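These notes concern the structure reproduced below.
4 protein chains.
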Amino acid sequence: MLPEIAKLGHIALITPDLKKSLWFFSEVLGLEETEVVNGTHYLRAWGDFEHHTLSLTQGEKSKVNHIAWRTKRPEDVEKYAELLTKAGTDVKWVEAGEEAGQGRAIRFKLPSEHTFELYFEMEKTQPGQDRKAVLKNQTYKAWRKGTSPRRIDHVNLTTSLDASIIHNYLIENLGFKMREYIDLGDGNIHAGWLSVTPLVHDIAVGIEHDAPTPNRLNHLAYWFDNAQDILRAADILSEEGIEFVGPGKHGISQAVYLYVKDPGSGHRVELFSNSYLIFEPDWEPIKWTPEDLRVGITYWGQDAHEISVDSTEA
Amino acid sequence: MLPEIAKLGHIALITPDLKKSLWFFSEVLGLEETEVVNGTHYLRAWGDFEHHTLSLTQGEKSKVNHIAWRTKRPEDVEKYAELLTKAGTDVKWVEAGEEAGQGRAIRFKLPSEHTFELYFEMEKTQPGQDRKAVLKNQTYKAWRKGTSPRRIDHVNLTTSLDASIIHNYLIENLGFKMREYIDLGDGNIHAGWLSVTPLVHDIAVGIEHDAPTPNRLNHLAYWFDNAQDILRAADILSEEGIEFVGPGKHGISQAVYLYVKDPGSGHRVELFSNSYLIFEPDWEPIKWTPEDLRVGITYWGQDAHEISVDSTEA
Amino acid sequence: MLPEIAKLGHIALITPDLKKSLWFFSEVLGLEETEVVNGTHYLRAWGDFEHHTLSLTQGEKSKVNHIAWRTKRPEDVEKYAELLTKAGTDVKWVEAGEEAGQGRAIRFKLPSEHTFELYFEMEKTQPGQDRKAVLKNQTYKAWRKGTSPRRIDHVNLTTSLDASIIHNYLIENLGFKMREYIDLGDGNIHAGWLSVTPLVHDIAVGIEHDAPTPNRLNHLAYWFDNAQDILRAADILSEEGIEFVGPGKHGISQAVYLYVKDPGSGHRVELFSNSYLIFEPDWEPIKWTPEDLRVGITYWGQDAHEISVDSTEA
Amino acid sequence: MLPEIAKLGHIALITPDLKKSLWFFSEVLGLEETEVVNGTHYLRAWGDFEHHTLSLTQGEKSKVNHIAWRTKRPEDVEKYAELLTKAGTDVKWVEAGEEAGQGRAIRFKLPSEHTFELYFEMEKTQPGQDRKAVLKNQTYKAWRKGTSPRRIDHVNLTTSLDASIIHNYLIENLGFKMREYIDLGDGNIHAGWLSVTPLVHDIAVGIEHDAPTPNRLNHLAYWFDNAQDILRAADILSEEGIEFVGPGKHGISQAVYLYVKDPGSGHRVELFSNSYLIFEPDWEPIKWTPEDLRVGITYWGQDAHEISVDSTEA
């Protein structure tokens, strides 16, 4: 049986201004801190079930350390290690505990140099009594602070390479399915939205022609239950004096969005709501062409077009 | 490779007052009609991708004809036929076209006498130009009429039998996973919420001790993008003079709900929003006990407890 | 020119458990504290423009000290003193500064023994820089904590007397207009909703036959911009383990509501949204009769009927 | 006693494409038609209490025929006629019935040539039984079609003259109060928001330097109960292929907005929600300066700046 990826796990960010990034992610966005180990802060949203979905570590410059995916079965990590090695990918093992809460994992680079991590074991850390939800199926009490998203949603990468190479790598080696894509008719797939779950995308990968490095992070996204939560987030960000793009609605993915940069690291976060789920097993990827690209990028609201080519190093 | 179920497909309802049921589902709920074939009306929500998620047929008395599930692969229907037969279940074939839009399918009964259908092939019928969405990833324009849900969500069954028997049948024969359940400590699992998708439940099965038949439908559910859409639905139903229970929020599934009966057939529909998704591959089913059952049933809002034992024949 | 009342000013509450009441109003509801003077805590919502709209003082038992109304003009306080005295009402002066922020005021009792206060002068106290809104037309940053209502809305009183006596007193002596009322056809006006502003009611007064005192507080209300804010409040209250009635929508006033008691004092607060405004100068009061009373009290949602006869001393 | 204006009554629009304008206002916006008299269509929102708040008449070119205000008392129309004449304004009488539903009225021009109408008498026309609300305090059932606003809100005018002249005329002759204004420090008041009600503005008047006529309509506005209704409107307009600006939130007035032009006439409509109410009798007008103008115009969302100088003839 082939190994499978269950879900996006977490994104490990390096920030040159940890204090400011912590203020942004904890107080403004409203993530909860699971624990701090060796200077790395492990964060998650109130509805995330894993030990962390984001980590912040002080570093010389802003960077993505790795993007982690949880496998479906414990043995899938080992299986992926074998398959990827066989496919010519250089695989490195990360020992259990090297990352707080996490068991043995592997790391490797996409053809675009983005670092991926695959793991299965993760400690089921519970919040303290004062923050723990009354609801048995929810981690923390919601609405404790900041914009208060429910859970991590997806990651959006860009590369100076041909995006199709990355799409194909994700599809062939990791089991992703293409859900929607932009085909400008010039022989390139400009961008693709892919998932292993019924979410429209767990990951998107697009071309960013003039990027200084091949491995770029356009944004990571946290999910909100209601579109109006995005408007509330807009109020909160405005009062904190933090600029953002949105609110708006993408045609692609049908997401109600708002894009904001962590003022500590410059990494961009999408506050994300609505969208749709794909349960159909014979889904035909939605193709967006030059004729309907405008609707695809910005169905309504503040235009999201310009941010598609503004990224940080991943 | 074992066959798998991809998703809940549709519910085929028999109504003694087709005209009133059509008014309710089309005009009040706001479902769209795909086509009418041999007196059966095939309906779906604006965001449903399949040919239909509900069908209405005139009959002597209110009943569920069958509950249909789509398989992951075309060959899974045949595979399920074999496995189920081997497991002692009586399997009947339904020829392609017998149900509009649908390919060859099988039907069989759960131990509780509920009729299930499994199919893979389904015509990809597009709406006419005036109702077709501008969005390429959406079937119909949204908000055209009535409460306007996005898509089918789940089905909730009750039985006079031991519910665990049905839970186990679903788990062992059809690949469902238990997500949440009520254990009153009396040796019975009172009710279970199960899914094949990351939805908390595609199906729930509970005990209804004094039910006149073992196969009961508690409700079927349609999903809305935002909790406020449920409040808007409450306005619309009130103005139509249709009684309902809710709005409220279940602890179990975290759903914001409103329950309303089709005045034509008496079948109950849940208007459903928010809730949460389960991506964790090692999910431990949430157990609700007598101590926390009140929060589980009604976290807030109009109590949903009484409706748990009021069902129609399935 | 006759004196006029401009608006509901504030409600001064006595609580036997100041600490718990402060936790409830400041942390759970999310009111801001302007200042503490002589043990009295002066609170207001983020969008209130006055020095305070609520005050909390420790006392032996739960009670309303007074309900204050701002006059349209400075001289109206003196004019009301004269007119009320002439009408046989006993008027007492409250000197400037006796209540923090407030100028010279009068106090008097309604025929039902509810204590009213009339004032005009009120200090325009600004919040500290960290809490001050970026928006120049808003007092505090919104969404800082708790349910976060925008402003005070109305007060709802009950009495063991004939409610019409109080309605007439408010209309004849204080310039209120009747907006909606319940006439059960037994010769009594069961309850009336009255206002000096375009709000459907700044005050409601209803009969509570078996009340131990003639002067009762059914509730005071704070206003939220959106119905969904009420659902968010329901989550917050549920997580704090505080019981409440709602959400629901009254026919009368068209308010989306949620009723919750301060666990420190037992005084009830309505979290209130939507509703409508009356700008018509020839408004004919809406009469609700036994035939439509159910819709009037609870258009939808958790029934608000039982709380109409459960009050605290005013 | 001086006459007073109670509220904005209606806007009478001339459209060169009546059919398209009717489609826009009736089907897309979702206004209800009270009646058609002599080719003029009289419309109102489901929560408007008057006979009409908008009228549409076919004409050679797009124009505002008049903007009507209801007086507080019947005799105020006559009193205004006298006072305005005395102040040098040319006043014309409009006989009862000349405009459907309306009693005797006067018309006159502001110094900017905008035509105002003042009336008191208006027929209380009820909707037919199928459209009438169950709620006794609401005119029509809500949510019947289109975006479905509750009521008319305000009108926004521009002029090539010094806006202060118009502000002063409104304040001195008609009793409006200044609520917020833009002072760019160049000796001009760029724009002012004024009201006779607790709404932040019933009318706004701004400078439009290069306007071809002195009397311009920037937009008229309809009000929605919830910010999310604005997002729903954005979906509906997008599916109809109608362009708009927004959603966004103004600092000035704190309105959540969306601006859309009637494709039949080019007249702009603001879909408007949230905002705040002013009950304080000693309100100090909020002054927006070059330093904070950006926040004043667009607190967040798609920039509304460009539309401030794009108007139709009034």
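For the record, the sequence lines run as chains A, B, C and D.
Using the working numbering, read the first sequence as starting at 1 and increasing by one per residue.
Using the working numbering, read the second sequence as starting at 1001 and increasing by one per residue.
Using the working numbering, read the third sequence as starting at 2001 and increasing by one per residue.
Using the working numbering, read the fourth sequence as starting at 3001 and increasing by one per residue.
The C-beta atom is built at its ideal place from N, Cα and C for all residues, glycine as well.
As the structure is a prediction and not an experimental result, all values here were calculated from the model.
For this session: Using a Cβ cut-off of 7 Å, pull out every chain B residue sitting near isoleucine 3236 of chain D, in sequence order please.
Result: In chain order: Trp1143.
For this session: Measuring only between beta-carbons, confirm whether valine 2134 of chain C sits less than 8 Å from chain D.
Result: Answer yes: the Cβ-Cβ gap between valine 2134 of chain C and chain D drops below 8 Å somewhere.
Exercise. Any residues in the stretch 3231-3257 of chain D with a beta carbon nearer than 8 Å to a beta carbon of chain A? Which ones, in chain order?
Worked result: Listed by position along the chain: Leu3231, Ala3234, Asp3235, Leu3237, Ser3238, Phe3244, Gly3246, Pro3247, Gly3248, Lys3249 and Val3256.
For this session: Can you grab the Cα-Cα spacing for the pair isoleucine 2278 of chain C / leucine 1013 of chain B, in whole Å?
Result: Distance between the alpha carbons of isoleucine 2278 of chain C and leucine 1013 of chain B is about 46 Å.
Exercise. So is proline 3290 of chain D buried or exposed if we call it buried at 16+ other beta carbons inside 10 Å?
Worked result: With fewer than 16 neighbouring CB atoms inside 10 Å of its own CB, proline 3290 of chain D falls in the exposed class.
Exercise. Quick one: what's got a C-beta closer than 7 Å to leucine 174 of chain A's C-beta in the same chain, skipping five residues either side?
Worked result: Result list for leucine 174 of chain A: Ile5, in chain order.
Problem set entry | For phenylalanine 3279 of chain D, the three-state DSSP class (helix, strand or coil) | Correct three-state label for phenylalanine 3279 of chain D: coil.
For this session: Specify the secondary structure class of leucine 3258 of chain D as computed by DSSP and reduced to three states.
Result: DSSP, reduced to helix, strand and coil, places leucine 3258 of chain D within a strand of the structure shown.
For this session: Would you mind stating whether proline 2263 of chain C and lysine 2020 of chain C have Cβ atoms separated by less than 8 Å?
Result: Yes.
Exercise. Under a three-way DSSP split, which group does phenylalanine 1120 of chain B fall into?
Worked result: Residue state, collapsed to three classes: coil.
Exercise. If you drop the 5 nearest sequence neighbours on each side, which residues of the same chain put their C-beta closer than 8 Å to that of lysine 7 of chain A?
Worked result: Scanning its chain for C-beta atoms nearer than 8 Å, with the 5 sequence neighbours on each side dropped, one finds around lysine 7 of chain A the residues Trp69, Arg70, Val196, Thr197 and Asp202, in chain order.
Exercise. Just checking, does the stretch 2177-2184 of chain C make contact with the stretch 2125-2138 of chain C on the three C-beta pairs under 8 Å criterion?
Worked result: Cβ pair count under 8 Å is below three, so no.
Exercise. Taking only beta-carbon atoms, is phenylalanine 3116 of chain D less than 8 Å away from chain C?
Worked result: Phenylalanine 3116 of chain D does not count as touching chain C.
For this session: For asparagine 1226 of chain B, return the contacting residues in chain D, with the cut-off set at a CB-CB distance below 8 Å.
Result: Ordered by position in chain D, the residues that pass the 8 Å Cβ test against asparagine 1226 of chain B are Gln3228.
For this session: Note down the Cα distance separating threonine 1089 of chain B from threonine 1115 of chain B, rounded to an integer number of angstroms.
Result: Cα to Cα, threonine 1089 of chain B sits roughly 12 Å from threonine 1115 of chain B.
Exercise. For the stretch 1269-1289 of chain B, which residues have a CB atom closer than 8 Å to at least one CB atom of chain C, in sequence order?
Worked result: For the stretch 1269-1289 of chain B, which is checked against every Cβ of chain C, not one residue is closer than 8 Å.
For this session: Using a Cβ cut-off of 9 Å, pull out every chain A residue sitting near glycine 3146 of chain D, in sequence order please.
Result: Under the 9 Å cutoff, chain A gives no residues; its nearest Cβ is about 16 Å from glycine 3146 of chain D.
Exercise. Are three or more beta carbon pairs between the stretch 1290-1308 of chain B and the stretch 134-148 of chain A nearer than 8 Å?
Worked result: Result yes; three or more Cβ-Cβ pairs closer than 8 Å.
Problem set entry | Collapsed DSSP secondary structure at tryptophan 2046 of chain C in the structure displayed | Tryptophan 2046 of chain C: coil per DSSP, three-state reduction.
For this session: Could you tell me if glutamine 1102 of chain B is buried or exposed, where buried requires 16 or more neighbouring beta carbons within 10 angstroms of its beta carbon?
Result: Of the residues assessed, glutamine 1102 of chain B falls on the buried side of the cut-off, its CB having 16 or more other CB atoms within 10 angstroms.
For this session: Tell me whether methionine 122 of chain A is buried or exposed, calling it buried when 16 or more other Cβ atoms sit within 10 Å of its Cβ.
Result: Label assigned to methionine 122 of chain A: buried.
Exercise. At a Cβ cut of 7 Å, what residues of the stretch 180-191 of chain A count as close to chain B, listed as they run along the chain?
Worked result: Residues are counted here when their Cβ sits less than 7 Å from a Cβ of chain B; for the stretch 180-191 of chain A these are Glu180, given in chain order.
Exercise. If you check the beta carbons only, do phenylalanine 3272 of chain D and arginine 3150 of chain D fall under 8 Å apart?
Worked result: No, Cβ-Cβ distance for phenylalanine 3272 of chain D and arginine 3150 of chain D is not below 8 Å.
Problem set entry | Cβ-Cβ distance between tryptophan 2046 of chain C and serine 2148 of chain C below 8 Å | Yes; because the gap between Cβ atoms is below 8 Å, this pair is in contact.
Problem set entry | Contacting residues, own chain, Cβ-Cβ under 8 Å from isoleucine 315 of chain A (five flanking each side not counted) | An answer regarding residue 315 of chain A cannot be provided, because it is not within the stretch 1 to 314 covered by chain A.
Exercise. Along chain B, which residues have their Cβ under 7 Å away from the Cβ of phenylalanine 49 of chain A?
Worked result: Listed by position along chain B, the residues whose Cβ is nearer than 7 Å to that of phenylalanine 49 of chain A are Glu1280.
Exercise. Between the C-alpha atoms of lysine 2079 of chain C and arginine 2107 of chain C, what's the straight-line distance to the nearest angstrom?
Worked result: A direct Cα-to-Cα measurement between lysine 2079 of chain C and arginine 2107 of chain C gives close to 13 Å.
Exercise. If you measure from the beta carbon of glutamine 126 of chain A to each beta carbon in chain D, is any gap under 8 Å?
Worked result: It does not: the Cβ of glutamine 126 of chain A has no partner Cβ on chain D nearer than 8 Å.
Exercise. Any Cβ of chain B within less than 8 Å of the Cβ of threonine 298 of chain A?
Worked result: Using a CB distance cut-off of 8 Å, threonine 298 of chain A does not count as an interface residue toward chain B.
For this session: Ignore the nearest five residues each way along the sequence and tell me which others in valine 37 of chain A's own chain have a CB closer than 6 Å to its CB.
Result: Excluding positions up to five away in sequence, the list reads Ala100.
For this session: With 8 Å as the threshold, decide whether the Cβ of aspartate 303 of chain A is near any Cβ in chain B.
Result: For aspartate 303 of chain A, the answer is no, since every Cβ of chain B falls outside 8 Å of its Cβ.
Exercise. Is histidine 2219 of chain C closer than 8 Å to asparagine 2168 of chain C when the C-beta atoms are compared?
Worked result: No, the Cβ-Cβ distance between asparagine 2168 of chain C and histidine 2219 of chain C is not below 8 Å.
For this session: With DSSP as the reference, please indicate the residues paired to glutamine 1138 of chain B in a beta bridge.
Result: Answer by DSSP bridge pairing: none, since glutamine 1138 of chain B is not bridged.
For this session: Count the other C-beta atoms from every protein chain shown that fall within 10 angstroms of the C-beta of proline 1003 of chain B, then say buried if there are 16 or more, exposed otherwise.
Result: Buried.
Exercise. Which class does asparagine 3215 of chain D belong to by DSSP, given the choice of helix, strand or coil?
Worked result: In the three-state reduction of the DSSP assignment, asparagine 3215 of chain D falls in the coil class.
Exercise. For chain A, is any of its Cβ atoms less than 8 Å away from the one on lysine 1007 of chain B?
Worked result: Yes, its Cβ sits closer than 8 Å to a Cβ of chain A.
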